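Numbering (the numbering used here), first residue to last: 276 to 559.
Next comes the structure, spelled out in structure tokens:
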């Protein structure tokens with residue numbers, strides 16, 4: 276399980292890496308800039324993309340931020356009743372998964388609706404860039420030994436804990452080490468599923484071009500993008516389940532040894548996120 280799940284459980288994934296009001300309010304522009312690395316759009320296509328990105332951001336502000344705020348407040352309240360049990364962490368995990376699935380569905384709808392606007396040359400370039408990106412990341416992963424890989428994961432995990440607790444004591448570090456040692460490494464299986472998904476998407480485009488019609492292209496692509504688990508192997512899904520249980524156990528263990536300074540620090544970080552949500556939310 277990737278360590279962004281740790282970050283997610285600390286309640287910051289809802290802003291998708293944005294750490295300021297300016298970043299969130301310009302998320303549509305940032306996404307547009309990122310997409311530019313994969314597609315050279317015409318002026319008309321660009322206008323369609325801008326409209327969809329702006330629409331997604333508006334939808335997110337109006338329908339999602341309040342739910343994130345409620346969960347953050349609930350997490351802050353849970354810190355008043357330590358230790359936080361695995362069941363309570365599981366509830367947060369499920370809620371965050373629901374947040375992500377709603378966002379993925381919305382993004383998939385918008386991306387699929389724009390797909391019929393692309394020509395064959397653009398599609399070929401897109402999937403060539405995706406393949407190149409996959410290769411680079413896989414080579415980076417394969418370039419490390421298992422020991423080096425686990426050392427990097429532990430370092431990132433401890434940095435995350437320090438960022439949200441202020442400090443990490445001996446017991447908490449031991450819990451993190453145990454998690455890293457027992458967690459299944461899923462990167463290769465995840466890459467495989469990603470390649471399968473992208474191959475299925477490309478095949479859908481090719482079929483559309485051959486038939487010289489795109490009436491069902493958006494619908495077919497949406498079904499692929501919104502249900503990526505269909506491309507994940509049983510090995511990968513079982514590993515995710517295994518790692519989730521380890522994660523919940525680690526988080527419970529960490530909360531058994533939180534001191535008052537750590538609790539206060541964590542609550543302060545949560546409160547900062549709540550303030551950020553209040554700041555960027557659309558006012559009635």
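Just so it is clear, CB atoms sit at the ideal spot from N, CA and C, and this is done for glycine as well.
Nothing here was measured: the structure is a model prediction, and the numbers come from that model.
Inter-segment contact for the stretch 506-516 and the stretch 527-539 is absent: fewer than three beta-carbon pairs are separated by less than 8 Å. Secondary structure at residue 352: helix, using DSSP grouped into helix, strand and coil. Counting along the chain, residue 539 sits inside the alpha helix (DSSP H) bounded by residues 535-555. Residue 391 and residue 500 have their C-alpha atoms roughly 15 Å apart. Its Cα nearest to that of residue 440, the residue 545 stands out among 386, 545, 475. Around the C-beta of residue 490, fewer than 16 other C-beta atoms lie within 10 Å, and the residue is accordingly described as exposed. Residue 320 has its alpha-carbon roughly 15 Å from the corresponding atom of residue 330.
Excluding the 5 residues flanking it on each side, residue 346 has same chain C-beta neighbours closer than 6 Å at 370, in chain order. Annotated three-state conformation of residue 310 is helix, per DSSP. Taking the Cα positions, residue 460 is about 32 Å away from residue 385. For residue 476, the closest alpha carbon among the candidates 467, 486, 353, 496 is that of 496.
Boundaries for residue 315: no alpha helix (DSSP H) harbours it, and the DSSP string shows neither H nor E there. A distance of 9 Å or more separates the beta carbons of residue 549 and residue 377. Counting along the chain, residue 501 sits inside the alpha helix (DSSP H) bounded by residues 492-501. The shortest CA-to-CA distance from residue 395 to any of 484, 498, 310 is the one to 484. For the pair residue 323 and residue 381, the CB atoms are not nearer than the 9 Å cut-off.
Nearest neighbour of residue 482 by Cα position, chosen from 398, 466, 555, turns out to be 398. Closest in alpha carbon position to residue 429, among 411, 494, 458, 413, is 458.
Taking the CA atoms as reference points, residue 337 sits about 45 Å from residue 422. With a beta-carbon spacing of about 6 Å, residue 466 and residue 409 fall inside the 8 Å limit used to define contacts.
Separation of residue 342 and residue 363 (C-alpha to C-alpha, rounded to the nearest whole angstrom) is 17 Å. In terms of Cα proximity to residue 352, the closest of 551, 539, 405, 516 is 539. Considering only 333, 325, 354, the residue with the shortest C-alpha distance to residue 534 is 354.
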